[in-house]
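What follows is a short report on a single structure.
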Amino acid sequence: MRKLFALLALAGAVAVGDVAAQEYPTKTIEVITHAGAGGGTDVTARMMMLRARRELGQDMVVVNKRGGGGSVAMDYYLGVPADGYSILTFTIGHAAELAKSNTEMTLNDIRPIARGTDDPQILMVRCGEFESADAFVEAQKGAPLSYGTTHLGNIDDVSAFMFTLKGGLETPKIVPFEGGGELATQLIAGAVDVAVLNLAEAKSQIDAGDICPIVVLADDRMSALADVSTAKEMGIPVSFSTVRGFVVHKDTPDDVAKKIEESLLKAMSHGVYQGFLESVGLDSTSVASSDVWGNQLSTMVTDMEAALKELGFIDN
């Protein structure tokens, strides 16, 4: 009889779990970011949420946990329930913090949901400063150029260092700035020779003819910059992107995680989000499922760790 009661109790628990998964969500969902309002990650999250609210049938709000290059947000996320009501935005910056062990989180603590953007790093110069990408590279064989970045020990300066290292060029002089907008302005003013930026960060200055992208750090050319060579085309094996996506706790119920993934993918396939991608020079290939995103997460952390060790940011 006891065994029968135990089986009935187990069946009841499974049934309750199934019902809970079917009912999800029943309250507001938090989307946790490390970026301030108006930053690239914040904007990406908000654009995703425009349609995801409808797909999930519940409101979604951004919760900003700034500091530590993303480590504050990751440590905060470890303390919230694994119930699908909190989604963490995850970027290449988070990968760097994981690689440097600046957070309690590890990759084993999270479950990939979907990728929202895959935005290549671009080396930009003042228009007319260099005749070509080859001339740009050649200029750095005899003397270093100054590179403006918006981070230290993160993707921007790692991109600059690895480009010059793998290209056999002089080590760049790194000049950090508060944000992409300031960096673009200071590039035009002549404060630095090169700026490491994403396309959206300097789009207006590019359209005005003040700033010219000269090398894209990606595997393939960008559709919006079809005439700009990649580093790999030039024989410099460097590829870095500002990637933004979404993850949940590893212990999130499978049915809940699947529902979140399906809803976010559908939301980001909608014309509203696709229009956002187009406006920043990206396309539909930015959006990817949990399988693709999960593989990229692992690769990002591994590659960032290797680069940071090679550059001396992490002890070997």
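Under the working numbering, think of the first position of the sequence shown as 8, with each following residue one higher.
From the three backbone atoms N, C-alpha and C, an ideal C-beta is built for every residue, glycine too.
Fair warning: this is a prediction, and the values are worked out from it, not measured in the lab.
Which partner residues does residue i have in the DSSP bridge list?
i           : result
residue 326 : Residue 326 lies beyond the stretch modelled for the chain, which goes from 8 to 323, so this question has no answer here.
residue 124 : 251
residue 118 : 255
residue 295 : 122
residue 55  : Looking at the DSSP assignment, residue 55 forms no beta bridge with any residue, so it has no partner.
residue 39  : 70, 95
Taking 8 Å as the threshold (C-beta atoms), are residue j and residue i in contact?
i           : j           : result
residue 223 : residue 154 : no
residue 94  : residue 264 : no
residue 91  : residue 162 : no
residue 271 : residue 55  : yes
residue 179 : residue 171 : yes
residue 58  : residue 274 : yes
residue 194 : residue 221 : no
residue 241 : residue 140 : yes
residue 114 : residue 305 : yes
residue 210 : residue 226 : no
residue 203 : residue 174 : no
residue 311 : residue 167 : no
residue 243 : residue 255 : no
residue 157 : residue 190 : yes
residue 231 : residue 206 : yes
residue 85  : residue 308 : no
Do you know whose CA, among the options, lies nearest residue i's CA?
i           : options           : result
residue 181 : 164, 169, 189, 61 : 164
residue 315 : 226, 205, 169     : 169
residue 50  : 70, 34, 61        : 70
residue 36  : 61, 48, 185       : 61
Please determine if the stretch 55-70 and the stretch 102-117 are in contact, where contact requires at least 3 C-beta pairs separated by less than 8 Å. no
Within the stretch 225-271, note down every full beta strand (DSSP E) run reaching 3 residues or more, in order along the chain. 248-256
Segment contact, 8 Å Cβ cut-off, at least three pairs: the stretch 67-81 with the stretch 32-40: Verdict: yes, contact present.
Counting Cβ pairs closer than 8 Å, one from the stretch 209-218 and one from the stretch 291-306, do we hit at least three? A contact is defined here as three or more CB-CB pairs under 8 Å, and the stretch 209-218 fails this definition with respect to the stretch 291-306.
Given 8 Å, three or more beta-carbon pairs between the stretch 187-205 and the stretch 139-153: Touching, per the Cβ criterion.
Could you tell me whether the stretch 118-132 touches the stretch 242-261, where touching means 3 or more Cβ pairs closer than 8 Å? yes
Please give me, in chain order, every unbroken run of the beta strand (DSSP E) with length at least 3 that falls completely inside the stretch 154-214. 180-183, 201-204
If you scan the stretch 72-122 from start to end, which runs of the beta strand (DSSP E) of 3 or more residues do you find wholly inside it? Counting whole runs of 3 or more residues, the stretch 72-122 contains the beta strand (DSSP E) stretches 93-98.
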